[in-house]
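K.L.:
Right, I'll just put the structure down here and ask away after.
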């Protein structure tokens with residue numbers, strides 16, 4: 004796939020101008036990781052968009068790769084998505100309601116379904 008000691012794969016030609024699938028990132032890094040001790044320059048020129056899924060897998064595989072990899076020509080959209088994916092997520096706050104305020108929907112639904120079945124309003 005790559006010929007010289009300092010490889011420069013244009014992502015647009017390998018994957019396309021819109022990076023969307025985790026599979027695409029995995030395929031790219033499977034090819035890159037098959038090369039040993041190689042300097043790689045990944046060129047994002049003419050790549051317009053990336054999904055969070057692609058970027059997450061791309062960054063994960065970039066971190067795990069044994070090759071020295073540099074990314075160039077990243078557009079504003081690519082940089083923004085990379086920053087979003089790298090940003091630590093805030094933990095969701097779970098409210099502990101009082102038992103009086105908790106409604107068990109499964110239990111209420113089961114009662115209604117059982118009652119409807121007994122009354123013949125529910126067809127098996």
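Numbering (my numbering), first residue to last: 4 to 127. Ideal Cβ placement from N, Cα and C applies to all residues, glycine included.
1) Which residue comes first and which comes last in the beta strand (DSSP E) that contains residue 69?
2) Which residues share a DSSP beta bridge with residue 21?
3) Expressed to the nearest angstrom, what Euclidean distance is found between the alpha-carbon atoms of residue 84 and residue 49?
4) So, does the CB of residue 71 fall closer than 8 Å to a CB anywhere in chain C?
5) With residue 84 as the anchor, note down where its alpha helix (DSSP H) starts and where it stops.
6) How is residue 38 classed by DSSP in three states: helix, strand or coil?
7) At the level of alpha carbons, what is the spacing between residue 43 and residue 72?
8) What separation, rounded to the nearest whole angstrom, lies between the Cα atoms of residue 11 and residue 74?
9) Of all the options 28, 91 and 13, which has the alpha carbon lying nearest to the alpha carbon of residue 46?
P.N.:
Result, derived from the coordinates:
1) For the purposes of this step, residue 69 is taken as residue 66 along the chain shown, with counting starting at 1. Judged by DSSP secondary structure, residue 69 falls outside any beta strand (DSSP E); it is assigned neither H nor E.
2) Counting from one through the chain shown, the residue named residue 21 turns up at place 18. According to DSSP, residue pairing for residue 21 in a beta bridge involves 52.
3) Residue numbering aside, residue 84 sits at position 81 when the chain shown is read from its first letter. Residue numbering aside, residue 49 sits at position 46 when the chain shown is read from its first letter. Residue 84 and residue 49: Cα-Cα distance of roughly 16 Å.
4) No chain C appears in this structure, which consists of one protein chain only.
5) If you number the chain shown from 1, residue 84 lands on position 81. Counting along the chain, the alpha helix (DSSP H) containing residue 84 begins and ends at 79 to 89.
6) On the chain shown, position 35 is the one that residue 38 refers to. If DSSP states are grouped into helix, strand and coil, residue 38 belongs with coil.
7) As a first step, residue 43 must be located in the chain shown, where it is residue number 40. As a first step, residue 72 must be located in the chain shown, where it is residue number 69. The C-alpha of residue 72 is placed about 5 Å away from the C-alpha of residue 43.
8) Your numbering for residue 11 matches position 8 in the chain shown. Your numbering for residue 74 matches position 71 in the chain shown. Answer to the nearest angstrom: the Cα atoms are 9 Å apart.
9) As a first step, residue 46 is located in the chain shown; it is residue number 43 there, counting from the start. Closest by alpha carbon: 13.
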